[in-house]
Amino acid sequence: MIDPQSITLRHGAVALASLAISLLVLAVPSVVGAAAPTAADGTFSISPSRRDLAGKPPASLVPTKVTNTTKESYDVQAFAVLLRQDLTGAFQFSETPRSLTAARTILGVSPSRFRLSAGSSRVVKLRWALLPRGARAAYIGVVFQGQARAKSGKSVPVVTRLLSINFLRRPGRYHPNGVFTALNATQFAPRVLRFLARVKNTGDIVGTPKRGRITIRDANGRTVYNAPWTGDVVLPGAQRDFPIDLRKVLPAGRYTVRTSMSFGANPNARISSTFTLAGPNQLTSPAVKITGFAVKGDAGSPARVSGKVRSIGTAPATVDLALSLSRVSGGQPAPKPFVRRQLRFSALAPGSSRSLDLDLTKRLAKGKYHAVLTYADPTGAPQELTSDFAASPRRSLIDRLKLFFDRHRSLIIGGIALVVVAGIVLRLMRRQRRLEAELREAKAQRDKDPPPE
Amino acid sequence: MLAVVALAASAAPASALSLGIGSGTTLAPMQPGQTATGNGSLSITSLASWSLSVSGSGAGRMVAAATGCTGSDAQLTNALTVSATVGGVTSARKTISATDTLLTSGSGLLSAFTATTNYSQTIPSTQVMRTGCVYTLTATYTLQ
Numbered sequence: 016m017i018d019p020q021s022i023t024l025r026h027g028a029v030a031l032a033s034l035a036i037s038l039l040v041l042a043v044p045s046v047v048g049a050a051a052p053t054a055a056d057g058t059f060s061i062s063p064s065r066r067d068l069a070g071k072p073p074a075s076l077v078p079t080k081v082t083n084t085t086k087e088s089y090d091v092q093a094f095a096v097l098l099r100q101d102l103t104g105a106f107q108f109s110e111t112p113r114s115l116t117a118a119r120t121i122l123g124v125s126p127s128r129f130r131l132s133a134g135s136s137r138v139v140k141l142r143w144a145l146l147p148r149g150a151r152a153a154y155i156g157v158v159f160q161g162q163a164r165a166k167s168g169k170s171v172p173v174v175t176r177l178l179s180i181n182f183l184r185r186p187g188r189y190h191p192n193g194v195f196t197a198l199n200a201t202q203f204a205p206r207v208l209r210f211l212a213r214v215k216n217t218g219d220i221v222g223t224p225k226r227g228r229i230t231i232r233d234a235n236g237r238t239v240y241n242a243p244w245t246g247d248v249v250l251p252g253a254q255r256d257f258p259i260d261l262r263k264v265l266p267a268g269r270y271t272v273r274t275s276m277s278f279g280a281n282p283n284a285r286i287s288s289t290f291t292l293a294g295p296n297q298l299t300s301p302a303v304k305i306t307g308f309a310v311k312g313d314a315g316s317p318a319r320v321s322g323k324v325r326s327i328g329t330a331p332a333t334v335d336l337a338l339s340l341s342r343v344s345g346g347q348p349a350p351k352p353f354v355r356r357q358l359r360f361s362a363l364a365p366g367s368s369r370s371l372d373l374d375l376t377k378r379l380a381k382g383k384y385h386a387v388l389t390y391a392d393p394t395g396a397p398q399e400l401t402s403d404f405a406a407s408p409r410r411s412l413i414d415r416l417k418l419f420f421d422r423h424r425s426l427i428i429g430g431i432a433l434v435v436v437a438g439i440v441l442r443l444m445r446r447q448r449r450l451e452a453e454l455r456e457a458k459a460q461r462d463k464d465p466p467p468e
Numbered sequence: 023m024l025a026v027v028a029l030a031a032s033a034a035p036a037s038a039l040s041l042g043i044g045s046g047t048t049l050a051p052m053q054p055g056q057t058a059t060g061n062g063s064l065s066i067t068s069l070a071s072w073s074l075s076v077s078g079s080g081a082g083r084m085v086a087a088a089t090g091c092t093g094s095d096a097q098l099t100n101a102l103t104v105s106a107t108v109g110g111v112t113s114a115r116k117t118i119s120a121t122d123t124l125l126t127s128g129s130g131l132l133s134a135f136t137a138t139t140n141y142s143q144t145i146p147s148t149q150v151m152r153t154g155c156v157y158t159l160t161a162t163y164t165l166q
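Top line first, the protein sequences correspond to chains A and B. Quick note: the first sequence uses my numbering, first residue 16, plus one each step. Quick note: the second sequence uses my numbering, first residue 23, plus one each step.
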């Protein structure tokens with residue numbers, strides 16, 4: 016039965032409802048020249064994809080229509096997940112059995128598995144059963160996973176998932192509120208600055224920052240940039256970074272950036288920070304690059320790490336490195352590394368570099384190894400470098416000489432030839448000098464003892 | 023009484039997500055000591071903010087086929103990586119793992135994008151790969 020009186024459409028729902036995303040896997044110009052699918056190949060779609068509603072469970076939601084306009088049949092799975100939000104604003108979910116069970120008890124999905132033939136559609140019913148104990152709201156996603164029934168024969172086949180977002184809550188009085196927790200300047204691209212305004216939803220309901228504005232002043236207090244920015248939804252308790260790009264080019268100097276917003280009960284939240292430009296829209300910022308990373312070793316010898324840590328930014332850099340070494344068996348590294356090492360390089364001056372050379376182990380056993388070096392770049396993004404090697408028994412002196420000769424055969428032959436030629440030339444020069452001396456001596460003797468007349 | 027809580031009944035246009043499923047990508051050269059690469063392409067149309075994340079089977083490491091791979095390593099040592107190029111801007115290369123990793127995102131009214139996905143697989147020279155052995159990984163793209 017439908018009870019339209021129980022429907023409460025919040026203001027934010029209109030914005031959410033306007034969302035329409037389509038993503039089409041198009042051309043695959045792979046190296047083997049696969050035929051490129053086009054838009055005419057159709058899509059796998061759901062509608063609606065977002066709901067923001069207040070009501071009382073149990074209740075049936077407007078069902079989702081799943082459509083396949085491609086020329087292939089798909090196996091479709093639909094299941095509920097508990098949503099959380101990361102700093103980028105993207106919704107994340109866990110697929111552990113416990114988490115999936117918890118989501119399923121809140122929102123039932125039926126049918127959860129079905130085949131969708133080419134050019135067909137199917138309605139999936141959603142039933143909001145309850146809210147977690149003591150909770151007034153739930154943030155539930157529904158994953159619609161589509162996979163072509165026909166095997167593609169490719170080494171990287173693709174499975175597509177569409178995530179529908181559902182904000183479910185009881186009617187009543189809520190307390191929207193939000194604050195800034197950080198404002199960071201980053202170098203997004205050459206001559207493009209990106210300011211990340213981090214907002215925390217401290218209220219008890221999904222909220223959106225309103226009337227966002229950013230202002231930049233130079234060292235003299237003169238406003239050099241002033242622009243609005245647009246907010247988006249933040250889950251209660253979550254923090255989210257709102258990127259604000261600055262393409263207007265500012266000259267080198269010191270600046271103050273300030274941003275403000277209205278978030279629920281906090282109509283004038285603001286935060287400021289300072290930043291320095293080393294050149295036009297060029298932040299003085301630390302940056303680190305690791306070059307020549309490699310780990311090698313013989314059986315019975317230490318695993319030797321080599322490489323350089325280079326400070327390539329415009330400000331002193333500090334970087335923490337984590338090194339690990341695992342045995343490889345059947346091509347797969349052991350889940351737990353048998354050696355871990357933490358390293359810190361502090362206050363690396365711009366343009367400087369430090370050697371990474373060190374022994375990671377005492378003695379290696381014969382076998383294959385997988386070394387991983389991880390660190391966070393100045394933006395906080397994790398970076399990973401790997402090195403693989405096989406530790407063989409150390410060779411004898413004769414074997415090493417043979418190997419050396421094999422590797423440098425042309426150089427050695429060229430060197431020997433050079434020495435031989437140099438010896439011949441030297442010998443000829445000596446002979447020449449000796450002949451000249453004999454000639455001079457004979458001439459002197461002849462001058463001294465003139466021949467009888 | 024059972025209540026139907028409706029959103030689509032509003033005057034606002036119904037929200038929707040759609041995704042076409044491609045035929046996948048083949049990487050080459052799949053040989054020890056080489057870096058195998060391959061490209062795919064995604065077309066994205068959005069009326070609001072969107073984000074595309076990626077995860078992979080085998081914890082991001084390509085797995086040898088059940089047949090024809092006797093004597094080969096069962097799984098590649100290194101995880102597959104991917105980046106996305108949208109509007110001439112290439113995202114940071116992401117290592118594919120079992121958990122969803124944000125690949126690229128965008129916002130704006132009625133925006134249409136074509137994203138090229140650039141795969142890269144580093145294969146150490148110590149990897150044992152017999153001729154004819156096929157390695158695969160299923161990449162799962164999630165659009166929200």
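Using N, Cα and C, we set each Cβ at its ideal position, and we do this for glycine too.
Closer than 8 Å at the beta carbon, the chain A residues around residue i
i, result
"Gln56(B)", "Here the premise fails: no neighbours, minimum Cβ distance about 12 Å."
"Val156(B)", "Ser170"
"Ala96(B)", "Gly345, Gly346 and Gln347"
"Thr117(B)", "Glu399"
Collapsed DSSP secondary structure at residue i in the structure displayed
i, result
"Lys140(A)", "strand"
"Phe353(A)", "coil"
"Ile36(A)", "Note that Ile36(A) scores a pLDDT of 35, beneath 50, so its modelled location is shaky; the value from the coordinates is reported in the next line. Note: Ile36(A) maps to strand in three-state DSSP."
"Ala253(A)", "coil"
"Arg273(A)", "strand"
"Ala34(B)", "Below a pLDDT of 50, predicted positions are generally treated as unreliable, and Ala34(B), at 32, falls in that range; the measurement from the model is reported next regardless. Three-state DSSP puts Ala34(B) in coil, outside helix and strand."
"Ala54(A)", "For Ala54(A), the pLDDT reaches just 42, beneath the cut-off of 50, and the residue's location in the model is therefore unreliable, leaving the point undetermined."
"Thr116(A)", "helix"
"Arg99(A)", "strand"
"Ala396(A)", "coil"
"Gln202(A)", "strand"
"Ala452(A)", "helix"
"Ser179(A)", "strand"
"Pro44(A)", "Below a pLDDT of 50, predicted positions are generally treated as unreliable, and Pro44(A), at 29, falls in that range; the measurement from the model is reported next regardless. Looking at Pro44(A) - three-state DSSP - the assignment turns out to be coil, as it is neither helix nor strand."
"Asp219(A)", "coil"
"Gln166(B)", "coil"
"Ala81(B)", "helix"
"Val434(A)", "helix"
"Ala314(A)", "strand"
"Met151(B)", "coil"
"Ser425(A)", "helix"
"Lys463(A)", "helix"
"Gln162(A)", "strand"
"Ala457(A)", "helix"
"Lys304(A)", "strand"
Neighbour list for residue i in chain A, Cβ cutoff strictly below 7 Å
i, result
"Asn100(B)", "Thr401"
"Ala114(B)", "Ala396"
Proximal residues of chain B, C-beta to C-beta of residue i below 8 Å
i, result
"Ile180(A)", "Gln166"
"Lys383(A)", "Thr148"
"Asp247(A)", "Ser71 and Ser129"
Interface partners of residue i on chain A, CB under 9 Å
i, result
"Ala106(B)", "Under the 9 Å cutoff, chain A gives no residues; its nearest Cβ is about 11 Å from Ala106(B)."
"Val73(B)", "Residue identity differs from the one stated: residue 73(B) is Ser in this sequence, not Val. Those within 9 Å of Ser73(B) in chain A are Thr103, Gly104, Ala105 and Phe106."
Contact check, residue i vs residue j, beta carbons under 8 Å
i, j, result
"Ser127(A)", "Ala93(A)", "yes"
"Arg262(A)", "Val207(A)", "yes"
"Asp313(A)", "Ala406(A)", "yes"
"Thr47(B)", "Asn61(B)", "yes"
"Leu211(A)", "Thr274(A)", "no"
"Pro365(A)", "Ala318(A)", "no"
"Cys155(B)", "Gly110(B)", "no"
"Thr107(B)", "Pro146(B)", "no"
Chain-ordered chain B contacts of residue i [CB-CB under 9 Å]
i, result
"Leu261(A)", "Those within 9 Å of Leu261(A) in chain B number zero; the least Cβ separation is about 16 Å."
Residue i beta carbon near the ligand NAD (any heavy atom closer than 7 Å)
i, result
"Pro126(A)", "Because no ligand of any kind appears in the structure shown, any question about the ligand NAD cannot be addressed here."
Residues that residue i contacts on chain C, provided the C-beta gap is smaller than 7 Å
i, result
"Thr89(B)", "The structure shown has no chain C; the protein chains it does contain are A and B."
Chain-ordered neighbours of residue i on chain B, where CB pairs are closer than 7 Å
i, result
"Phe404(A)", "Thr148"
**OP:** Using a Cβ-Cβ cut-off of less than 7 Å, list which residues of the segment 305–319 of chain A approach chain B; keep chain order.
**Re:** Answer set for the segment 305–319 of chain A: empty.
Counting pairs of Cβ atoms below 8 Å between the segment 329–340 of chain A and the segment 302–315 of chain A, do you hit three or more? With a cut-off of 8 Å, the segment 302–315 of chain A and the segment 329–340 of chain A count as touching, because enough Cβ pairs lie within range.
>> So if I threshold CB-CB distances at 8 Å, which residues from the segment 208–225 of chain A count as touching chain B?
In response: Those residues of the segment 208–225 of chain A placed with their C-beta closer than 8 Å to a C-beta in chain B do not exist.
*Three or more beta-carbon pairs under 8 Å between the segment 137–153 of chain A and the segment 170–189 of chain A, yes or no?*
Short answer: they touch.
Is there contact between the segment 273–283 of chain A and the segment 190–200 of chain A, where contact requires at least three CB pairs shorter than 8 Å?
-> Taking 8 Å as the limit for Cβ pairs, the verdict is that the segment 190–200 of chain A does touch the segment 273–283 of chain A.
Segment contact flag, the segment 158–165 of chain A with the segment 135–154 of chain B, C-beta cutoff 8 Å, min 3 pairs:
Between the segment 158–165 of chain A and the segment 135–154 of chain B, the count of C-beta pairs closer than 8 Å stays below three; the two stretches do not touch.
Q.
So, does the segment 70–84 of chain A touch the segment 182–189 of chain A, judging by three or more C-beta pairs under 8 Å?
A. With the rule of 3 Cβ pairs closer than 8 Å, the segment 70–84 of chain A counts as touching the segment 182–189 of chain A.
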